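Line by line, the protein sequences give chains L and F.
Counted the way our numbering counts, the first sequence spans residues 1 to 190.
Counted the way our numbering counts, the second sequence spans residues 191 to 380.
All residues carry an ideal CB built from backbone N, CA and C; glycine is no exception.
For clarity, every value in this text was computed on a predicted model and none was experimentally measured.
Protein chains: 2
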Amino acid sequence: MQYDLILSNIGKYVKLTEAEASFFTSKLQLKEVGKKAYVLQQNERCRHLYFLNSGTLRAFHLTARGKESTVMFAIADWWITDMYAFTNDQPSVMNIKAVEDSQLMCLSYPDLELIWEKIPKFEKFFRILMQKAYVREQLRSIQNLSLPATERYDRFVSKYPAIVKKVTKKQIASYLGVTPEFLSTIRKER
Amino acid sequence: MQYDLILSNIGKYVKLTEAEASFFTSKLQLKEVGKKAYVLQQNERCRHLYFLNSGTLRAFHLTARGKESTVMFAIADWWITDMYAFTNDQPSVMNIKAVEDSQLMCLSYPDLELIWEKIPKFEKFFRILMQKAYVREQLRSIQNLSLPATERYDRFVSKYPAIVKKVTKKQIASYLGVTPEFLSTIRKER
DNA sequence: CGTCTATTTGAATGTACTCAAAAGCGGTGG
DNA sequence: CCACCGCTTTTGAGTACATTCAAATAGACG
């Protein structure tokens with residue numbers, strides 16, 4: 001049922017007892033959002049950490065001049081939030097918006113703290129989650145600095161084929177840091 | 191003495207007993223490196239996590255064409271390693287090199303696992319460390335995508351004044367993703 | 001079917017790069 | 001202690017990559 005995916009996601013890294021699993025799931029809230037709905041608006045407080053049961057979300061930063069920069073995409077089995085805003089209780093620096101109808105599990109920060117306190121294994125799980133997220137971002141930085149746009153596109157397509165199927169070229173362009181027009185000319189060369 | 195800085199760094203987030211602190215420090219190895227010495231070479235295995243007691247290190251990726259991209263700088267009180275290579279036991283994707291004479295504490299992965307096992311508080315500490323590192327990288331990505339080089343430079347200078355004092359303009363340029371020549375023209379406008 | 005947005009195409013522009021060379025600076029050895 | 005050497009930084013000219021703007025085409029959705 002609705003908790004299967006999230007429990008198996010956690011189960012990849014730590015083993016929970018029945019009691020621990022049910023304590024954890026008791027803190028989860030189910031949320032369904034329609035395509036184009038905002039899960040989080042920039043400058044709002046970010047109250048929840050989200051886990052995607054199904055659908056696709058996109059996190060993006062919006063500048064004063066209206067330029068969008070995609071921070072990340074999330075599909076089923078991914079965790080997503082504005083980690084800066086969530087953990088520091090600060091106005092969020094990004095929007096999170098549904099690319100298609102999505103079902104998510106929500107976890108509040110106070111509940112997460114309860115979980116950490118009661119089940120230390122969750123500290124380990126989130127340590128691993130944050131470690132992987134850090135490595136992912138660092139590798140992305142290296143690629144952005146060292147590779148031309150054309151290779152960044154090729155690598156994105158081969159690394160995230162499932163995401164490529166779901167999102168628009170314009171959204172990929174804003175993830176790669178190029179304009180949609182330029183991505184179009186890159187793709188023509190392929 | 192040599193453990194004061196690292197213990198106070200950890201103490202910001204978790205409280206250790208005397209016994210825990212001494213178990214932890216028993217796993218640390220002191221290392222001194224001279225200016226320009228390599229702490230890690232790209233493609234080597236990355237056996238250690240490092241904490242800087244003093245000095246300055248720079249982590250950078252080197253492309254086939256010889257282009258350097260600075261991943262991060264570290265000064266006293268910072269942790270640094272090739273997190274990808276360290277945690278996955280893979281060939282490292284970056285070099286780590288001393289910008290000036292430096293003193294570091296080294297921790298091996300097997301020892302870190304022992305510490306996690308014996309003192310779960312360290313899972314929490316590293317969860318927080320990884321979380322902050324993730325947030326830092328994510329904010330850097332957003333800036334790289336949304337800001338022109340000139341503003342990225344201004345923000346770097348105001349965010350990391352202590353690092354600016356230690357490293358060359360060329361190294362800052364490779365962190366910002368511009369050529370030294372272009373950074374020079376940016377600075378002229380200031 | 002009509003509207004809205006995404007995608008493509010092309011022309012003009014600008015930002016950042018390459019290459020070359022001069023100037024500055026720090027370290028080293030005679 | 002000073003002269004030289006190597007590397008960093010600056011400067012400038014020419015170039016290339018990527019952007020902006022405008023408009024046509026194509027797709028998605030009600």
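_Whole angstroms are fine: how far does the CA of S336(F) sit from the CA of R65(L)?_
Looking up residue 65(L) in the first sequence gives position 65. Looking up residue 336(F) in the second sequence gives position 146. Going by the C-alpha atoms only, they are around 10 angstroms apart.
_Taking CB distances under 8 angstroms as the criterion, tell me whether Q90(L) reaches chain F._
The residue you call residue 90(L) lines up with position 90 of the first sequence. No, its Cβ sits nowhere closer than 8 angstroms to a Cβ of chain F.
_Which of the three DSSP states is assigned to S194(L) in this structure?_
For residue 194(L) there is no data in the structure shown, the boundaries of chain L being 1 and 190.
*Candidates A211(F), Y203(F), E208(F), L218(F), of which the one nearest Y299(F) by Cα*: Start at 1 with the first residue of the second sequence, and residue 299(F) comes out as number 109. Comparing Cα-Cα distances from Y299(F) to each of A211(F), Y203(F), E208(F), L218(F), the minimum goes to L218(F).
*May I ask which residues mark the beginning and end of the alpha helix (DSSP H) holding Y38(L)?*
Locating residue 38(L) in the first sequence gives position 38, counting from the first residue. For Y38(L), there is no enclosing alpha helix (DSSP H); the residue is found in the beta strand (DSSP E) stretching over 38 to 40.
*By DSSP, does S141(L) sit in helix, in strand, or in coil?*
As a working note, residue 141(L) is residue 141 in the first sequence. Shown here, S141(L) sits in a helix according to DSSP, grouped into three states.
*Can you tell me the Cα-Cα spacing of V93(L) and L329(F), whole angstroms?*
Position 93 of the first sequence, counted from the start, is the residue given in the question as residue 93(L). Position 139 of the second sequence, counted from the start, is the residue given in the question as residue 329(F). Going by the C-alpha atoms only, they are around 9 angstroms apart.
*Output the distance between the C-alpha atoms of Y274(F) and S374(F), rounded to the nearest integer angstrom.*
Along the second sequence, read from residue 1 onward, the residue named residue 274(F) stands at position 84. Along the second sequence, read from residue 1 onward, the residue named residue 374(F) stands at position 184. Each residue's Cα considered, the two are about 33 angstroms apart.
_If you reduce the DSSP assignment to three classes, tell me which class R235(F) lands in._
Locating residue 235(F) in the second sequence gives position 45, where the first residue counts as 1. Strand at R235(F).
*Report the rounded CA-to-CA distance for N233(F) versus L195(F), giving the unit in angstroms.*
The residue labelled residue 233(F) in the question sits at position 43 within the second sequence. The residue labelled residue 195(F) in the question sits at position 5 within the second sequence. Rounded to the nearest whole angstrom, the CA to CA distance from N233(F) to L195(F) is 31 angstroms.
*Just by C-beta distance, which residues in the region 240 to 266 of chain F are closer than 7 angstroms to chain L?*
If the cut-off is 7 angstroms between Cβ atoms, the region 240 to 266 of chain F has H251, T253, K257, S259, V261 near chain L.
*chain L contact residues for I332(F), given Cβ-Cβ distances below 8 angstroms*: Taking the first residue of the second sequence as 1, we reach residue 332(F) at position 142. Those within 8 angstroms of I332(F) in chain L are H61, S69, V71, V93, M94.
*Which whole-angstrom value describes the C-beta separation of Y153(L) and I186(L), a residue pair presumed to lie in contact below a C-beta threshold of 8 angstroms?*
Sequence index remark: in the first sequence, residue 153(L) carries index 153 (1-based). Sequence index remark: in the first sequence, residue 186(L) carries index 186 (1-based). Contact check for Y153(L) and I186(L): beta-carbon distance about 6 angstroms, within the 8 angstroms limit, so the pair qualifies.
_Which of helix, strand or coil DSSP assigns to T260(F)_ = Locating residue 260(F) in the second sequence gives position 70, where the first residue counts as 1. Correct three-state label for T260(F): strand.
*Reference F51(L), options T168(L), E68(L), F126(L), closest by Cα*: Working through the first sequence from its first residue, we reach residue 51(L) at position 51. It is F126(L).
*asked:* Assuming L107(L) is part of the alpha helix (DSSP H), what are its boundary residues?
replied: As a first step, residue 107(L) must be located in the first sequence, where it is residue number 107. Note, L107(L): premise wrong, no alpha helix (DSSP H); beta strand (DSSP E) at 95 to 108.
*Per DSSP, what kind of secondary structure is L366(F) in: helix, strand or coil?*
Here residue 366(F) refers to the residue found at position 176 of the second sequence. Three-state DSSP puts L366(F) in a helix.
*State whether the region 349 to 360 of chain F contacts the region 291 to 310 of chain F, with contact taken as three or more CB pairs (one from each stretch) at a distance under 8 angstroms.*
no
_Check whether L247(F) and S292(F) have beta carbons under 8 angstroms apart_ = For the purposes of this step, residue 247(F) is taken as residue 57 along the second sequence, with counting starting at 1. For the purposes of this step, residue 292(F) is taken as residue 102 along the second sequence, with counting starting at 1. Yes; because the gap between Cβ atoms is below 8 angstroms, this pair is in contact.
*Would you kindly report the start and end of the unbroken beta strand (DSSP E) that includes K31(L)?*
By 1-based counting over the first sequence, the position of residue 31(L) is 31. K31(L) -> beta strand (DSSP E) spans 29 to 33.
*Classify A227(L) as helix, strand or coil using the three-state DSSP reduction.*
This structure cannot settle anything about residue 227(L), because the visible part of chain L is limited to 1 through 190.
_Below 7 angstroms on C-beta distance, what does S146(L) contact in chain F?_
Sequence index remark: in the first sequence, residue 146(L) carries index 146 (1-based). H251, T253, K257, S259, listed in chain order.
*Is K311(F) near V223(F), with beta carbons less than 8 angstroms apart?*
One-based indexing of the second sequence puts residue 311(F) at position 121. One-based indexing of the second sequence puts residue 223(F) at position 33. Taking 8 angstroms as the Cβ cut-off, K311(F) and V223(F) do not qualify as a contacting pair.
_Neighbour list for E123(L) in chain F, Cβ cutoff strictly below 8 angstroms_ = Here residue 123(L) refers to the residue found at position 123 when the first sequence is read from its first residue. Chain F residues near E123(L): P310, E313, K314, R317.
*asked:* Given a cut-off of 8 angstroms on the beta-carbon distance, is the pair L49(L) and F73(L) in contact?
replied: Stepping through the first sequence from its first residue, residue 49(L) is reached at position 49. Stepping through the first sequence from its first residue, residue 73(L) is reached at position 73. Contact: no.
*Looking only at its own chain, which residues have a Cβ that is under 7 angstroms from the Cβ of A211(F), when we skip the five neighbours before and after it?*
Position 21 of the second sequence holds residue 211(F). Same-chain partners within the cutoff: L197.
*Quick one: is Q321(F) buried, meaning 16 or more other Cβ sit within 10 Å of its Cβ, or exposed?*
Start at 1 with the first residue of the second sequence, and residue 321(F) comes out as number 131. Buried.
*Relative to the alpha-carbon of Q192(F), which residue among C236(F), S244(F), T253(F) has its alpha-carbon at the smallest distance?*
The residue you call residue 192(F) lines up with position 2 of the second sequence. Nearest of C236(F), S244(F), T253(F) to Q192(F), Cα basis: S244(F).
*Does DSSP put L112(L) in a helix, a strand or coil?*
Position 112 of the first sequence holds residue 112(L). The answer is helix: DSSP assigns L112(L) an H, G or I state.
*Taking only the alpha-carbon atoms, compute the straight-line gap between K314(F) and T340(F) and give it to the nearest angstrom.*
Numbered from 1 along the second sequence, position 124 holds the residue referred to as residue 314(F). Numbered from 1 along the second sequence, position 150 holds the residue referred to as residue 340(F). Roughly 38 angstroms separates the two Cα atoms.
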